[in-house]
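Going by full-length UniProt numbering, the letters in the sequence shown line up with residues 1 to 742, in that order.
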Amino acid sequence: GQFGKTSLHYASEGGHLEVIKYLVDEKSADINAYNNRQTSLHYASHNNHFNVVQYLAQKGVDINASGMIGHSNHPRGGHLNIVAGLGEKGADVNASDEDGKTSLHYASEGGHIDVVQYLLKKGADIKAIGMIDTSLYTSSQAGHFKVVRCLVENGAEINANEAQAAICLYTAVRKNHLEIVRYLLEKNADVKAKKSNGATSLFIASQRGYVEITKLLVEKDAEVDSYGILYVASENGHLEVVKILIKKGANINVCDTNKRTSLHTASYGGHLEVVKFLIGEGVDVNTIDKHGYTSLFGASHNGHLEVVKLLIENNADMAARGMYGVTSLYAASSNGQLEVVKFFVEENGADINTSNDGYTSLYIASQNGHLDIVEFLVEEGANIDATKNGYTSLYVASSHGQLEVVKFLVNEALDGFTSLLIASQVGHREVVEFLVDKAANINANTDGRTILFIASAHGHLDIVKFLVEKGADIEAENEAGYTSLHVASSHERLDIVKLLVEKGAKVNASSEDRVTSLYIASQMGHVEVAEFLVEKGANIDASDTHGYTSLHCASWCGQLEVVKFLVSKGADINTPLDGFTSLLIASQEGHREVVEFLVDKAANIDARRATILFIASANGHLDIVKFLVENGANIEAKNEAGYTSLYVASSNGQLDVVKLLVENGADVNASAKDGDTSLLVASKEGCLEVVKFLVHKGANINARHFDGTSCIRIALDKGHLDIFNFLVEQGAEDDIPPLPPA
Numbered sequence: 001g002q003f004g005k006t007s008l009h010y011a012s013e014g015g016h017l018e019v020i021k022y023l024v025d026e027k028s029a030d031i032n033a034y035n036n037r038q039t040s041l042h043y044a045s046h047n048n049h050f051n052v053v054q055y056l057a058q059k060g061v062d063i064n065a066s067g068m069i070g071h072s073n074h075p076r077g078g079h080l081n082i083v084a085g086l087g088e089k090g091a092d093v094n095a096s097d098e099d100g101k102t103s104l105h106y107a108s109e110g111g112h113i114d115v116v117q118y119l120l121k122k123g124a125d126i127k128a129i130g131m132i133d134t135s136l137y138t139s140s141q142a143g144h145f146k147v148v149r150c151l152v153e154n155g156a157e158i159n160a161n162e163a164q165a166a167i168c169l170y171t172a173v174r175k176n177h178l179e180i181v182r183y184l185l186e187k188n189a190d191v192k193a194k195k196s197n198g199a200t201s202l203f204i205a206s207q208r209g210y211v212e213i214t215k216l217l218v219e220k221d222a223e224v225d226s227y228g229i230l231y232v233a234s235e236n237g238h239l240e241v242v243k244i245l246i247k248k249g250a251n252i253n254v255c256d257t258n259k260r261t262s263l264h265t266a267s268y269g270g271h272l273e274v275v276k277f278l279i280g281e282g283v284d285v286n287t288i289d290k291h292g293y294t295s296l297f298g299a300s301h302n303g304h305l306e307v308v309k310l311l312i313e314n315n316a317d318m319a320a321r322g323m324y325g326v327t328s329l330y331a332a333s334s335n336g337q338l339e340v341v342k343f344f345v346e347e348n349g350a351d352i353n354t355s356n357d358g359y360t361s362l363y364i365a366s367q368n369g370h371l372d373i374v375e376f377l378v379e380e381g382a383n384i385d386a387t388k389n390g391y392t393s394l395y396v397a398s399s400h401g402q403l404e405v406v407k408f409l410v411n412e413a414l415d416g417f418t419s420l421l422i423a424s425q426v427g428h429r430e431v432v433e434f435l436v437d438k439a440a441n442i443n444a445n446t447d448g449r450t451i452l453f454i455a456s457a458h459g460h461l462d463i464v465k466f467l468v469e470k471g472a473d474i475e476a477e478n479e480a481g482y483t484s485l486h487v488a489s490s491h492e493r494l495d496i497v498k499l500l501v502e503k504g505a506k507v508n509a510s511s512e513d514r515v516t517s518l519y520i521a522s523q524m525g526h527v528e529v530a531e532f533l534v535e536k537g538a539n540i541d542a543s544d545t546h547g548y549t550s551l552h553c554a555s556w557c558g559q560l561e562v563v564k565f566l567v568s569k570g571a572d573i574n575t576p577l578d579g580f581t582s583l584l585i586a587s588q589e590g591h592r593e594v595v596e597f598l599v600d601k602a603a604n605i606d607a608r609r610a611t612i613l614f615i616a617s618a619n620g621h622l623d624i625v626k627f628l629v630e631n632g633a634n635i636e637a638k639n640e641a642g643y644t645s646l647y648v649a650s651s652n653g654q655l656d657v658v659k660l661l662v663e664n665g666a667d668v669n670a671s672a673k674d675g676d677t678s679l680l681v682a683s684k685e686g687c688l689e690v691v692k693f694l695v696h697k698g699a700n701i702n703a704r705h706f707d708g709t710s711c712i713r714i715a716l717d718k719g720h721l722d723i724f725n726f727l728v729e730q731g732a733e734d735d736i737p738p739l740p741p742a
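Take a look at the structure:
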């Protein structure tokens with residue numbers, strides 16, 4: 001059946017005794033088969049089919065079978081007749097389910113007082129604890145007063161430990177079960193007990209505004225200053241609870257970890273009557289939290305005008321500044337609270353142009369798109385030219401796409417280009433269209449960057465289309481000579497690249513340093529852009545002022561796919577740049593895949609005065625060195641000074657490369673034109689491990705530079721005492737002159 005449910009399960013659930021008898025007696029159905037951890041007995045018990053339960057018991061069903069909701073979970077349905085019947089058959093009253101819950105737990109949770117009484121009579125463990133709770137807890141939570149009373153009268157311990165004391169009373173309070181709370185208190189439940197998070201029963205009663213329960217708890221001397229109790233009552237606007245707490249001595253100025261008082265939180269929440277009461281009790285209206293904010297700031301930000309008025313009437317400081325120097329007027333302007341803004345300005349003369357480092361109320365209202373406040377502040381004389389870091393309110397409105405604010409401010413004072421620039425950068429097309437229609441100069445620039453340049457760089461295709469249609473100069477250059485096509489190619493804006501070329505952009509236009517769009521796309525690895533540009537006639541072999549071609553640049557940056565594409569289109573892999581080919585460049589930078597590809601394409605491994613192997617060895621690119629050696633690179637090739645690959649690897653301390661070269665036949669005693677050997681240069685540069693390896697491989701320990709300087713001398717001169725000592729131990733000739741006599 002569904003989810004493993006058998007015909008017997010269905011029949012037991014429905015109480016169809018004759019069907020059950022047929023299935024069991026005639027078809028040998030398994031009476032202990034499980035579905036979702038329940039047997040036929042569970043189904044019959046849950047649905048109060050007493051005759052089915054009796055029959056199954058007679059047939060030997062396992063009456064203690066574990067189920068999803070407890071061993072012999074009959075009490076949950078409150079069917080005393082079945083509970084008693086199973087009890088007579090020997091069911092274990094203290095059997096528990098996977099959560100540790102017993103039958104008493106479930107009977108208590110369901111409020112089945114008669115079943116609870118029966119189970120207790122049969123020896124049910126009243127102290128049994130499920131995963132987290134006792135039967136007393138479950139009945140307290142569910143609000144079953146009679147069960148709670150029965151359990152307590154039969155020995156359930158309310159205050160077995162602090163956790164138990166807190167959890168029973170706390171849960172009854174949380175569920176607002178007044179009668180149970182009163183009873184537990186009469187039975188001396190510990191009102192000061194705390195949950196693991198520090199909360200007491202009074203805390204939850206105050207937070208939820210349970211007036212009668214609060215009264216009961218404080219009458220039992222619950223701690224009124226514990227765990228922010230007054231704070232949460234004020235935060236939630238529970239005036240009567242606040243009054244009770246203060247009457248019992250709660251500290252009116254107590255604050256939370258952020259140094260917010262009850263007045264702060266009541267003001268933030270707009271709880272006028274609580275604010276009024278707290279002020280009447282003498283609370284300090286200008287107390288600041290850890291961010292420097294007063295209660296007035298929070299009320300202003302959240303638009304609680306009546307609270308704002310009350311605080312001002314009681315001498316709240318309207319000019320007080322919080323974090324970043326912002327005022328209550330700024331807070332109201334930031335959050336669109338027009339009536340509060342009007343109250344401050346019209347009735348209290350607030351300075352609308354006061355700012356903190358350029359942040360005015362107009363600036364923040366413009367940024368957040370509060371048109372009504374912007375209009376009001378401008379009408380009241382706000383300075384629309386005030387700036388933050390040189391940016392006006394119009395600028396910030398444009399940058400945040402606040403079109404209606406932009407329209408209004410443009411009519412007040414046109415700052416078109418600056419706003420157009422930022423709107424193009426962040427992609428607010430409607431703002432761009434509006435400003436262009438207002439005659440903002442579409443081809444003006446800042447730092448050489450036009451609006452089209454900015455929109456192209458940031459990938460705003462719709463804005464680029466609009467600007468081109470409006471006559472934007474496609475070939476306009478910035479100070480370095482880069483065009484919109486350059487920046488679109490650089491940022492892989494393929495759709496914009498296509499549009500610009502379609503509209504006439506020159507694919508071979510170059511910057512002051514002769515960099516083309518293809519060059520930039522190759523450098524960045526944008527193969528699709530490169531493919532399109534070449535398709536449209538871009539010059540593959542064009543070079544910059546230093547002689548770098550697109551292939552050189554792609555090789556330098558390890559852009560394998562671009563390298564493959566350029567070579568497939570005929571780029572010369574052996575074109576030298578100051579003697580450096582693309583292969584040499586890739587070897588120097590350690591781009592093995594590029595190296596392998598170029599070698600496969602018959603690039604000259606031994607091109608230039610130094611070999612490719614030489615460069616890879618010097619830079620420690622072991623995988624490339626290995627590849628080159630395997631592909632026939634000349635290990636003994638020398639540059640003009642006579643240096644070999646082993647020499648430069650030794651000089652730079654590239655031990656792994658040194659080992660590989662020697663293992664492949666490199667001459668450890670090969671000398672340069674000045675007589676230097678690999679051992680000499682390793683000694684000079686302080687590469688101890690290389691020195692040890694070379695000596696082990698037969699390097700001449702007494703080799704000398706053409707001026708007669710030995711390995712031991714040069715190591716000492718350079719202060720490499722570890723190498724000096726090693727060479728002495730290995731028998732190097734001591735040509736160090738003795739110290740002069742004292």
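Cβ atoms here follow ideal geometry from the backbone N, Cα and C, with glycine treated the same way.
- Shortest Cα-Cα distance from residue 242 to any of 276, 376, 268 and 317 involves 276.
- By the neighbour-count definition (other C-beta atoms within 10 Å, threshold 16), residue 633 is a buried residue.
- Per DSSP, the beta bridge partners of residue 96 are 102.
- Across the set 237, 14, 231 and 249, the C-alpha of 231 shows the shortest separation from the C-alpha of residue 257.
- Counting only residues of its own chain and dropping the five nearest sequence neighbours on each side, residue 60 has a CB closer than 8 Å to the CB of 31.
- If you draw a 10 Å sphere on the C-beta of residue 196, you find fewer than 16 other C-beta atoms in it, and that means exposed.
- Ranked by Cα distance from residue 462, the options 45, 185 and 493 are led by 493.
- Counting other Cβ atoms within 10 Å of its Cβ, residue 127 stays below 16 and is therefore classed as exposed.
- Between the segment 582 to 589 and the segment 532 to 544 there are fewer than three inter-stretch CB-CB distances shorter than 8 Å, so the stretches are not counted as touching.
- Boundaries of the alpha helix (DSSP H) around residue 393: 393 to 399.
- Bridge partners of residue 543 according to DSSP: 549.
- Judged by pairs of C-beta atoms under 8 Å, the segment 669 to 678 touches the segment 689 to 706, as three or more such pairs exist.
- Annotation for residue 51: the continuous alpha helix (DSSP H) segment containing it runs 50 to 58.
- Residue pairing of residue 255 in beta bridges, as defined by DSSP: 261.
- Nearest neighbour of residue 619 by Cα position, chosen from 653, 628 and 631, turns out to be 653.
- Taking 8 Å as the cut-off, the beta carbon of residue 484 is found no closer than this to the beta carbon of residue 533.
- Short of 7 Å from the beta carbon of residue 340, and not among the five residues preceding or following it, lie these beta carbons of its own chain, in chain order: 300, 303, 305, 308 and 332.
- Segment contact: the segment 98 to 108 against the segment 39 to 53, fewer than three CB-CB distances shorter than 8 Å; contact not assigned.
- Each residue's CA atom was taken as its position, placing residue 123 and residue 93 some 7 Å apart.
- Around the C-beta of residue 323, fewer than 16 other C-beta atoms lie within 10 Å, and the residue is accordingly described as exposed.
- Residue pairing for residue 35: DSSP places it in a beta bridge opposite 38.
- Restricting attention to alpha helix (DSSP H) runs no shorter than 4 residues, the UniProt repeat "ANK" (357 to 389) encloses them at 361 to 367 and 371 to 379, ordered along the chain.
- Counting only residues of its own chain and dropping the five nearest sequence neighbours on each side, residue 655 has a CB closer than 8 Å to the CB of 687, 689, 690 and 693.
- Secondary structure within the segment 562 to 646: not one fully enclosed beta strand (DSSP E) run of 3 or more consecutive residues is present.
- When 233, 226 and 189 are compared, the shortest CA-CA separation from residue 209 is found for 233.
- Look at residue 449 here: in three-state DSSP terms it is strand.
- Residues 314 of the same chain have their beta carbon placed closer than 6 Å to that of residue 279, with the five preceding and five following residues left out of the count.
- Residue 202 and residue 263 have their C-alpha atoms spaced approximately 20 Å apart.
- Judged by DSSP in its simplified three-state form, residue 355 adopts coil rather than helix or strand.
- In this structure, the alpha-carbon of residue 467 lies about 43 Å from that of residue 598.
- Cβ-Cβ separation between residue 366 and residue 330: approximately 13 Å, too far for a contact (criterion under 8 Å).
- Assignment of residue 511 by DSSP, reduced to helix, strand and coil, places it in the coil class.
- According to the DSSP secondary-structure assignment, residue 704 is paired through a beta bridge with 710.
- Between residue 536 and residue 507, the CB-CB gap stays under 8 Å.
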